[in-house]
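Enquirer: Encoded as structure tokens, here's the structure I'll be asking about.
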Amino acid sequence: MVGPTATLTPLSRADGSASYRCPSTGSNILGSVNAPVELPARRDALRPEDATVEVFVKPGTAPGGVGERYIENVIKNMLAKLILGREKGYARRGVVITLATIGGESVGRGDSYLTLLPALIHTALLALLSAAVPLSMTFSATVLAVNASGEITREPSEKEAAAATSLHALAFSSKGHLLLNESQGAFDFDTWEKVHARALAICHGTLTRTSDGDVAMAEDVDGQPLEGTVRETVEDKLHQDYAWKTDAP
Amino acid sequence: MSSPLILLPGDEVPSEYLPSTNSAPLRLGAGLRLLTQPSSNPSKPPSHVIAATQPGILSTDNRKNAASILSTPNRRYIPTPNDLVIAQIHHSSPDYFHCMVTPQAPHALLGQLSFEGATKKTRPMLKQGDLVYARVLSMGLGAGAEVELTCVNPATGRAEPGGLGPLTGGMVFDVSIGMAARLMRASSSSPEQQEAVAGLVVLEELGKKLEKTGGFEIAIGRNGKVWVDCANGGETAVKSTVAIGRCLSTIDEHDLNPTDQRKLVTRILREMKIES
Numbered sequence: 001m002v003g004p005t006a007t008l009t010p011l012s013r014a015d016g017s018a019s020y021r022c023p024s025t026g027s028n029i030l031g032s033v034n035a036p037v038e039l040p041a042r043r044d045a046l047r048p049e050d051a052t053v054e055v056f057v058k059p060g061t062a063p064g065g066v067g068e069r070y071i072e073n074v075i076k077n078m079l080a081k082l083i084l085g086r087e088k089g090y091a092r093r094g095v096v097i098t099l100a101t102i103g104g105e106s107v108g109r110g111d112s113y114l115t116l117l118p119a120l121i122h123t124a125l126l127a128l129l130s131a132a133v134p135l136s137m138t139f140s141a142t143v144l145a146v147n148a149s150g151e152i153t154r155e156p157s158e159k160e161a162a163a164a165t166s167l168h169a170l171a172f173s174s175k176g177h178l179l180l181n182e183s184q185g186a187f188d189f190d191t192w193e194k195v196h197a198r199a200l201a202i203c204h205g206t207l208t209r210t211s212d213g214d215v216a217m218a219e220d221v222d223g224q225p226l227e228g229t230v231r232e233t234v235e236d237k238l239h240q241d242y243a244w245k246t247d248a249p
Numbered sequence: 001m002s003s004p005l006i007l008l009p010g011d012e013v014p015s016e017y018l019p020s021t022n023s024a025p026l027r028l029g030a031g032l033r034l035l036t037q038p039s040s041n042p043s044k045p046p047s048h049v050i051a052a053t054q055p056g057i058l059s060t061d062n063r064k065n066a067a068s069i070l071s072t073p074n075r076r077y078i079p080t081p082n083d084l085v086i087a088q089i090h091h092s093s094p095d096y097f098h099c100m101v102t103p104q105a106p107h108a109l110l111g112q113l114s115f116e117g118a119t120k121k122t123r124p125m126l127k128q129g130d131l132v133y134a135r136v137l138s139m140g141l142g143a144g145a146e147v148e149l150t151c152v153n154p155a156t157g158r159a160e161p162g163g164l165g166p167l168t169g170g171m172v173f174d175v176s177i178g179m180a181a182r183l184m185r186a187s188s189s190s191p192e193q194q195e196a197v198a199g200l201v202v203l204e205e206l207g208k209k210l211e212k213t214g215g216f217e218i219a220i221g222r223n224g225k226v227w228v229d230c231a232n233g234g235e236t237a238v239k240s241t242v243a244i245g246r247c248l249s250t251i252d253e254h255d256l257n258p259t260d261q262r263k264l265v266t267r268i269l270r271e272m273k274i275e276s
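Those protein sequences? They're chains A and B, same order as listed.
For the first sequence, the UniProt record's numbering assigns the number 1 to the initial residue and increments by one for each residue that follows.
For the second sequence, the UniProt record's numbering assigns the number 1 to the initial residue and increments by one for each residue that follows.
This is the structure we're talking about:
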């Protein structure tokens, strides 16, 4: 299984940016973060001690619609919990996250964004890290499709997602908390439990220490845990940026 | 520094990486915070951990007993007291000049009288677009707080450290925050140490090469601005200024090492036809 690839700070004018490509779902997202910025109008009056998080999702070709507004809200609610909006210089300022689909199959009007959701929130996380916005922790996310015979497919392609009976997007924090749980379609609790265990193995790998062999095998099939991919991307970029300091004789 | 410790938000700093505790308390800089974990046993005191809030390399200073995170160099500048910044006047009001420190951030305030030797009768008349080299005096507290700048040390009434005040002539170039911090460290150390301290030889090299054409003046703002002026340059003044700016921004963009920095300076000066 080919893992996702990501680049940090591809845009020079934004405070932070990231591009993210997931080969299995075919998504390619470019994200930028500007923070802290002054908000237009006094939108900050409700919580004067905290930062306001704004998320914009731009589809590849069509103008944004209801689907984008909905997924923006899902992403915003999740990220607002992680961003430390009370740090110095952030209170009453905005954290503006823009995510644009620049490749892969674009989501049609009114279609579900669940297959794209992990790619979108990974891009947002990497862009936030690139902008050095204070965060309480990092996270990793995945989407799983369950078909009629109960098979679980990791990061399904457009076709597999259309054939699935249920889709589940889950995100886990770096400390193992479940941060996001969005599902669609018909499923029962047992299916969800299985999906949860598999997603945890994909995101964290070693953390699942269950007695049955299935999960351990799944971990091998999935290759490197996503948590590690995020970490490696950031470490590589920092090594590159601080080469003058670390490579000095 | 053999292997730097890279932390992501939420990672705890291992205690062996922190400066060895002596009597002075540990000072936490940018990107670190102290978290308290209440212990399950109420009789035991809660344990404390130091966790990162920004991704970056842990940097510790044993002499000052301080620890902080060196984060990505492209981020937005957040004013901190005592930082030297290059601000641009946006407009002026009876008591204050309203200055831009970073775009899309609220204006910072600079008192009309916070210049060396300024009185109500004799004070600098700055117009929109003029530049000042100023020190961040305070961040302000509470709702609607504004950043205040000053060009004078309020205790002594003198422009300390030297060079604070309006910047006339010259040109401003944008660099990343990380590059500005490196340039500051390099320019505050002796020319021989610049390479070791910040991996920069560009200032020393440019200084040597442009000595014949009258040298140059440089002011570095922590907000990612560099002001360059070659007032004594005669007819090559404009060319030298642009060449210095090009050197700095190229090094910033491509993360050049000292050897490449020397090559770049030679190449740009030759391209711009500046004799050295």
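Glycine included, each C-beta is placed from N, C-alpha and C at the ideal position.
So if I threshold CB-CB distances at 8 angstroms, which residues from the stretch 28-40 of chain A count as touching chain B?
Expert: Answer set for the stretch 28-40 of chain A: 34, 35, 36, 37, 38.
Enquirer: According to DSSP, which residues form a beta bridge with residue 53 of chain A?
Expert: Here residue 53 of chain A is taken as the residue at index 53 of the first sequence, counted from 1. DSSP, once it has assigned bridges, lists A/95 as partnering residue 53 of chain A.
Enquirer: Establish whether the CB of residue 123 of chain A and some CB of chain B are separated by less than 7 angstroms.
Expert: The residue labelled residue 123 of chain A in the question sits at position 123 within the first sequence. Not an interface residue.
Enquirer: Along the chain, where does the alpha helix (DSSP H) that runs through residue 233 of chain A open and close?
Expert: Indexing the first sequence from 1 puts residue 233 of chain A at position 233. 226-241 is the span of the alpha helix (DSSP H), which, as asked, contains residue 233 of chain A.
Enquirer: According to DSSP, what are the bridge partners of residue 225 of chain B?
Expert: In the second sequence, counting from the first residue as 1, residue 225 of chain B sits at position 225. BP columns for residue 225 of chain B point to B/174, B/221.
Enquirer: Mind checking residue 194 of chain B: buried by the 16 CB within 10 Å criterion, or exposed?
Expert: Along the second sequence, read from residue 1 onward, the residue named residue 194 of chain B stands at position 194. By the neighbour-count rule (16 or more Cβ atoms within 10 Å), residue 194 of chain B is buried.
Enquirer: With distances taken from CA atoms, which of B/273, B/216, B/52, B/239 is nearest residue 68 of chain B?
Expert: For the purposes of this step, residue 68 of chain B is taken as the residue at position 68 of the second sequence. Here the closest residue by C-alpha is B/52.
Enquirer: Taking 7 angstroms as the cut-off, decide whether the C-beta atoms of residue 58 of chain B and residue 17 of chain B are in contact.
Expert: As a working mapping, residue 58 of chain B is identified with position 58 in the second sequence. As a working mapping, residue 17 of chain B is identified with position 17 in the second sequence. In contact: residue 58 of chain B and residue 17 of chain B (Cβ atoms closer than 7 angstroms).
Enquirer: Could you check where the beta strand (DSSP E) with residue 240 of chain B kicks off and where it finishes?
Expert: Numbered from 1 along the second sequence, position 240 holds the residue referred to as residue 240 of chain B. Segment 237-254 is the alpha helix (DSSP H) holding residue 240 of chain B; no beta strand (DSSP E) there.
Enquirer: Suppose contacts are defined by Cβ-Cβ distances below 7 angstroms. Is residue 35 of chain B in contact with residue 49 of chain B by that definition?
Expert: Within the second sequence, the letter at position 35 stands for residue 35 of chain B. Within the second sequence, the letter at position 49 stands for residue 49 of chain B. Yes. Within cutoff.
Enquirer: CB-CB under 7 angstroms to residue 75 of chain B, same chain, minus the five flanking residues each way: which ones, in chain order?
Expert: By one-based count along the second sequence, residue 75 of chain B stands at place 75. Answer for residue 75 of chain B: 177, listed in chain order.
Enquirer: Along the chain, where does the alpha helix (DSSP H) containing residue 203 of chain A start, and where does it finish?
Expert: The residue given as residue 203 of chain A occupies position 203 in the first sequence. Here the alpha helix (DSSP H) through residue 203 of chain A covers 189-204.
Enquirer: What are the boundary residues of the alpha helix (DSSP H) that residue 261 of chain B is part of?
Expert: For this step, residue 261 of chain B is matched to residue 261 along the second sequence. 258-271 is the span of the alpha helix (DSSP H), which, as asked, contains residue 261 of chain B.
Enquirer: Quick one: give me the first and last residue of the alpha helix (DSSP H) that residue 66 of chain A is part of.
Expert: Position 66 of the first sequence, counted from the start, is the residue given in the question as residue 66 of chain A. Its alpha helix (DSSP H) spans residues 66-82.
Enquirer: Closest to residue 172 of chain B by C-alpha separation, out of B/205, B/3, B/133, would be which residue?
Expert: Position 172 of the second sequence, counted from the start, is the residue given in the question as residue 172 of chain B. Residue 172 of chain B has its Cα closest to that of B/133, out of B/205, B/3, B/133.
Enquirer: Look at the alpha carbon of residue 152 of chain A and the alpha carbon of residue 205 of chain A, and state the distance between them as a whole number of angstroms.
Expert: By 1-based counting over the first sequence, the position of residue 152 of chain A is 152. By 1-based counting over the first sequence, the position of residue 205 of chain A is 205. Using only the alpha carbons, I get a separation of about 17 angstroms.
Enquirer: Could you tell me the boundaries of the alpha helix (DSSP H) in which residue 207 of chain B lies?
Expert: Within the second sequence, numbered from 1, the residue matching residue 207 of chain B stands at position 207. That run of the alpha helix (DSSP H) goes 202-209.
Enquirer: What separation, rounded to the nearest whole angstrom, lies between the Cα atoms of residue 118 of chain A and residue 25 of chain A?
Expert: As a working note, residue 118 of chain A is residue 118 in the first sequence. As a working note, residue 25 of chain A is residue 25 in the first sequence. Near 10 angstroms, if we compare the C-alpha coordinates of residue 25 of chain A and residue 118 of chain A.
Enquirer: Can you tell me whether residue 125 of chain B is buried or exposed? The criterion is at least 16 other CB atoms within 10 Å of its CB, across all chains shown.
Expert: By 1-based counting over the second sequence, the position of residue 125 of chain B is 125. Residue 125 of chain B comes out exposed.
Enquirer: Below 8 angstroms on the Cβ atoms is my contact criterion, and I expect residue 201 of chain B with residue 252 of chain B to pass it. Report the Cβ-Cβ distance as a whole number of Å.
Expert: Your numbering for residue 201 of chain B matches position 201 in the second sequence. Your numbering for residue 252 of chain B matches position 252 in the second sequence. About 14 angstroms; that fails the 8 angstroms criterion.
Enquirer: Within 8 angstroms, do at least three Cβ pairs link the stretch 76-96 of chain A to the stretch 135-150 of chain A?
Expert: As far as the Cβ criterion goes, the stretch 135-150 of chain A touches the stretch 76-96 of chain A, which means the pair count is three or higher.
Enquirer: In whole angstroms, what is the alpha-carbon distance linking residue 57 of chain A and residue 235 of chain A?
Expert: As a first step, residue 57 of chain A must be located in the first sequence, where it is residue number 57. As a first step, residue 235 of chain A must be located in the first sequence, where it is residue number 235. Those two C-alpha atoms are separated by around 27 angstroms.
Enquirer: Beta strand (DSSP E) containing residue 166 of chain A: first to last residue?
Expert: Walking along the first sequence from the start, residue 166 of chain A turns up at place 166. It spans 166-173 - the beta strand (DSSP E) in which residue 166 of chain A sits, taken as one unbroken run.
Enquirer: Can you find at least 3 beta carbon pairs, one from the stretch 53-70 of chain A and one from the stretch 95-114 of chain A, that sit closer than 8 angstroms?
Expert: The stretch 53-70 of chain A, when compared against the stretch 95-114 of chain A, does touch it at the 8 angstroms Cβ threshold.
Enquirer: Run down chain B in chain order and give the residues with a C-beta less than 7 angstroms from the C-beta of residue 245 of chain A.
Expert: Taking the first sequence and counting its residues from 1, the one referred to as residue 245 of chain A is at position 245. By Cβ distance, chain B contributes 199.
Enquirer: Using DSSP bridges, identify the partner residues of residue 150 of chain A.
Expert: As a working mapping, residue 150 of chain A is identified with position 150 in the first sequence. Answer is none; residue 150 of chain A lacks a bridge partner.
Enquirer: Is it right to say residue 14 of chain A is buried, meaning 16 or more other beta carbons lie within 10 angstroms of its own, or is it exposed?
Expert: As a first step, residue 14 of chain A must be located in the first sequence, where it is residue number 14. Residue 14 of chain A should be labelled buried.
Enquirer: Sort B/223, B/198, B/238, B/219 by Cα distance to residue 261 of chain B and report the nearest one.
Expert: For the purposes of this step, residue 261 of chain B is identified with residue 261 of the second sequence, where counting begins at 1. Residue 261 of chain B has its Cα closest to that of B/198, out of B/223, B/198, B/238, B/219.
Enquirer: Using a Cβ-Cβ cut-off of 7 angstroms, state whether residue 85 of chain A counts as contacting chain B.
Expert: Stepping through the first sequence from its first residue, residue 85 of chain A is reached at position 85. Chain B, which has no Cβ nearer than 7 angstroms to the Cβ of residue 85 of chain A, makes this no.
Enquirer: Less than 6 angstroms between the CB of residue 219 of chain B and some heavy atom of the ligand PLP, yes or no?
Expert: In terms of ligand content, the structure shown is empty, and the ligand PLP therefore cannot be addressed.
Enquirer: How many angstroms separate the CA atom of residue 116 of chain B from the CA atom of residue 131 of chain B?
Expert: Translated into positions along the second sequence, residue 116 of chain B becomes position 116. Translated into positions along the second sequence, residue 131 of chain B becomes position 131. Spanning the two alpha carbons is a distance of roughly 16 angstroms.
Enquirer: Please list, in chain order, all residues of the same chain as residue 231 of chain A whose beta carbon is under 6 angstroms from its beta carbon, the five residues on each side excluded.
Expert: Position 231 of the first sequence, counting from 1, holds the residue named residue 231 of chain A. Once the five neighbours on either side are set aside, residue 231 of chain A has no close Cβ partner at all.
Enquirer: For my contact list, residue 146 of chain B and residue 109 of chain B are in at a C-beta cut-off of 8 angstroms; report their separation, rounded to the angstrom.
Expert: Along the second sequence, read from residue 1 onward, the residue named residue 146 of chain B stands at position 146. Along the second sequence, read from residue 1 onward, the residue named residue 109 of chain B stands at position 109. Confirmed, Cβ separation roughly 5 angstroms.
Enquirer: Would you kindly work out how many angstroms separate the C-alpha atoms of residue 148 of chain B and residue 41 of chain B, rounded to a whole number?
Expert: Position 148 of the second sequence, counted from the first residue, corresponds to residue 148 of chain B. Position 41 of the second sequence, counted from the first residue, corresponds to residue 41 of chain B. So the alpha carbons of these two residues sit roughly 47 angstroms apart.
Enquirer: How big is the Cα-Cα spacing for residue 19 of chain B and residue 54 of chain A?
Expert: Residue 19 of chain B sits at position 19 when you count from the first residue of the second sequence. Residue 54 of chain A sits at position 54 when you count from the first residue of the first sequence. One C-alpha to the other measures close to 39 angstroms.
Enquirer: In the DSSP assignment, the alpha helix (DSSP H) including residue 121 of chain A goes from what residue to what residue?
Expert: For the purposes of this step, residue 121 of chain A is taken as the residue at position 121 of the first sequence. 117-130 is the span of the alpha helix (DSSP H), which, as asked, contains residue 121 of chain A.
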